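To start, the structure itself, in structure tokens.
Residue numbers (the working numbering), protein chains in the order written: chain A, 1 to 275; chain B, 276 to 550.
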């Protein structure tokens, strides 16, 4: 036993202290592949991801490969994703696989094994979608807790259609999104910070995040609208806020040095605004 | 122009008329792999899926490979899934990739390209999860419509945790699940039946499905509890109900003839109860 925070909490705190809280997305979106002079296929996606790994996975605390942009090329794309995840982990970044998976029972356990097990997609954390109820994600929460890794559950997203589900009124007059927050808080009572949330940095989220004791991944920094200064307003307690940006950094590629400079500049802006 | 129903509607009607409405899941769940004498890896999953294809994909109208059970083995598992999907399509079944994907914008378009494009995961339909709002799924609905294929959007599932989200009260006093149904109905106004729903066969779903003009995939037949006779009660208008079973058929494997017999027996029970 030790007084140090255990599990994913330790990993998060160490990454934030040594590298800062910025998360940079790895999105081999076809127009970006074209802009980088890469082919719209698994070879191009692998190259794109490996350039990202070389540019900033040894610099920033967090990287977030977007699974859809690899999956679009079939199994070959998923093999590219394996390479990219491994390269980013080797470079020391916390890798959040942005997969938004969600299912029930043994099927959910299959997804947990895929992303939180020790197989080829092994990441430090995975994003999950709770349409089947937060409770349905339990196999992944348990797998993450046991492995000292994390999950990030969608709570409140910034896209306009999100409110139709996330702001619906659920049990005890709470919104669906607040229900997710409250369930995550309960799962984090052990201090391991296993359950993070995804809360869009551009939404007036209206959530009570107090006492969450877990990280908040906040996409929307940069191209989608929020500035580093906005973050402090959107998240009054920034202890474990992980702002995520993609296109604002990626658009300056494909030169490694240019990408690294953009990532470091954004990281420093975030640190100045939140610390 | 023709009077025939176009798009996915034509494919659905033809499959149901010639082969019946049963959907059989292809779930290489580790305990089933063990029971079939197969290895807990991508080789085992490929073998499992190809046995299923040989046994019943030329007999029943619909098959539903569960993506999680392939994804758990990484890219090699996804390559197995490519083989299984191709084998099932060659055998003439309508292939519903049970992926429960859901994201926004260009990311959602990536998933649509993966499952509804002409790449190696090409299926006839894919299941989608609407936590980000039904409207966020639009790139997939459009892709399916243009290709004459379909999507099945989660509406009301039978797991106990599902109600916390799906029965929350959304806009105009409707439940979240009913909001999904109503949006699907609007998208199906063109008669192409592009948007199906997933509604658990074991839930008292409480939904008004009238005028949907699209298919309802109803997991829960067999091992999860509903009998063919229950289906007629749960879905008073069975025109496009596609009951899905997995373990009830799969547990009799791995002999092709035994699997086929179990699939045909279940198919005939369903037809007798619903027609």
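Even for Gly, the Cβ is constructed at its ideal location relative to N, Cα and C. Since this is a predicted model, take the numbers as computed values, not measurements.
Apart from the five residues on each side of it in sequence, which residues of its chain come closer than 8 Å, Cβ to Cβ, to residue i?
i                      : result
residue 237 of chain A : 209, 210
residue 5 of chain A   : Low confidence applies here, because residue 5 of chain A scores a pLDDT of 49, under 50, leaving its location unreliable and the question unanswered by this model.
residue 73 of chain A  : 41, 42, 45, 80
residue 314 of chain B : 308
Looking only at its chain, what residues have a beta carbon closer than 7 Å to the beta carbon of residue i, apart from the 5 residues adjacent to it on each side?
i                      : result
residue 276 of chain B : Note that residue 276 of chain B scores a pLDDT of 44, beneath 50, so its modelled location is shaky; the value from the coordinates is reported in the next line. Taken in chain order, the list of residues that qualify is empty.
residue 16 of chain A  : 61
residue 353 of chain B : 345, 346
residue 66 of chain A  : 25, 26, 27, 98
residue 459 of chain B : 428, 470, 472, 487, 489
residue 519 of chain B : 298, 300, 339, 492, 493, 494, 496
residue 368 of chain B : 332, 335, 336, 337, 338
residue 282 of chain B : 420, 423, 467, 468, 469
Taking the alpha carbon of residue i as the point to measure from, which residue in the options has its own alpha carbon closest?
i                      : options                    : result
residue 445 of chain B : A:275, A:65, A:164         : A:164
residue 204 of chain A : A:188, A:185, A:232, A:183 : A:232
residue 87 of chain A  : A:51, A:73, A:111          : A:51
residue 251 of chain A : A:37, A:8, A:21, A:22      : A:37
residue 47 of chain A  : A:30, A:58, A:116          : A:30
residue 144 of chain A : A:162, A:123, A:156, A:136 : A:123
residue 115 of chain A : A:141, A:134, A:254        : A:141
residue 150 of chain A : A:198, A:157, A:103, A:172 : A:198
residue 414 of chain B : B:387, B:319, B:487, B:286 : B:387
residue 147 of chain A : A:225, A:117, A:201        : A:117
residue 90 of chain A  : A:230, A:53, A:227, A:106  : A:53
residue 454 of chain B : B:338, B:436, B:431, B:464 : B:431
residue 319 of chain B : B:529, B:550, B:546        : B:529
residue 343 of chain B : A:109, A:81, A:85, A:93    : A:109
residue 187 of chain A : A:172, A:176, A:137, A:206 : A:137
residue 135 of chain A : B:475, B:452, B:293, B:436 : B:436
residue 450 of chain B : B:476, B:477, B:408, B:464 : B:408
residue 103 of chain A : B:381, B:394, B:433        : B:433
residue 307 of chain B : B:547, B:546, B:523        : B:523
residue 85 of chain A  : A:7, A:120, A:230          : A:120
residue 381 of chain B : A:274, A:246, A:272        : A:246
residue 553 of chain B : B:505, B:477, B:357, B:452 : Look at the range of chain B in this structure, 276 to 550, and you will see that residue 553 of chain B is not part of it.
residue 475 of chain B : B:505, B:284, B:447        : B:505
residue 271 of chain A : A:9, A:181, A:7, A:21      : A:21
residue 182 of chain A : A:167, A:207, A:168        : A:207
For residue i, return the contacting residues in chain A, with the cut-off set at a CB-CB distance below 9 Å.
i                      : result
residue 421 of chain B : Here the premise fails: no neighbours, minimum Cβ distance about 16 Å.
residue 523 of chain B : The contacting residues do not exist; residue 523 of chain B stays about 15 Å from chain A at best.
residue 434 of chain B : 104, 105, 132, 133, 135, 136
residue 362 of chain B : Ordered by position in chain A, no residue passes the 9 Å Cβ test against residue 362 of chain B, which lies about 15 Å from the chain.
Near residue i, what residues of its chain come up, given a Cβ to Cβ distance below 6 Å and the 5 sequence neighbours on each side ignored?
i                      : result
residue 278 of chain B : For residue 278 of chain B, the predicted structure reports a pLDDT of 45, less than 50, and the residue's modelled location is therefore unreliable. A value from the coordinates is still provided. The answer is none, since no qualifying residue turns up.
residue 510 of chain B : 516
residue 76 of chain A  : 42
residue 55 of chain A  : 256, 259, 260
residue 269 of chain A : 228
residue 225 of chain A : 202
Mind pulling the chain A residues with CB within less than 8 Å of residue i?
i                      : result
residue 439 of chain B : 133, 134, 135, 170, 171, 176, 179
residue 400 of chain B : Neighbours of residue 400 of chain B on chain A: none; closest Cβ ~17 Å, over 8 Å.
residue 429 of chain B : 131, 132
Could you name the residues of chain B that residue i contacts, counting a contact when the two beta carbons are closer than 8 Å?
i                     : result
residue 72 of chain A : 385, 386, 388, 389, 392, 394
residue 69 of chain A : 382, 385
I want to verify the contact list: residues of chain A whose CB lies under 7 Å from the CB of residue i, in sequence order.
i                      : result
residue 377 of chain B : 100, 129
residue 381 of chain B : 29
residue 320 of chain B : In chain order: nothing, as chain A lies at least about 10 Å away.
Could you tell me which chain B residues have their CB closer than 7 Å to the CB of residue i, listed as they occur along the chain?
i                     : result
residue 35 of chain A : Those within 7 Å of residue 35 of chain A in chain B number zero; the least Cβ separation is about 14 Å.
residue 75 of chain A : 350, 353, 354, 357, 395
Item to check | Every unbroken alpha helix (DSSP H) within the region 147-204 of chain A, with a cutoff of 4 residues, ordered by chain | outcome: 163-166, 176-187
Item to check | Length-filtered (3 minimum) beta strand (DSSP E) runs lying within the region 316-382 of chain B | outcome: 337-340, 369-376
Checklist entry - Do the region 487-500 of chain B and the region 261-268 of chain A make contact, defined as three or more Cβ pairs closer than 8 Å? => result no
Item to check | Length-filtered (3 minimum) beta strand (DSSP E) runs lying within the region 106-136 of chain A | outcome: 125-128
Next on the checklist: Pairs of beta-carbons, one from the region 356-373 of chain B and one from the region 118-127 of chain A, closer than 8 Å: are there three or more?
Outcome noted: no
Next on the checklist: Going residue by residue through the region 202-275 of chain A, where are the continuous alpha helix (DSSP H) segments of at least 4 residues, counting only ones entirely within it?
Outcome noted: 228-234, 247-250, 256-274
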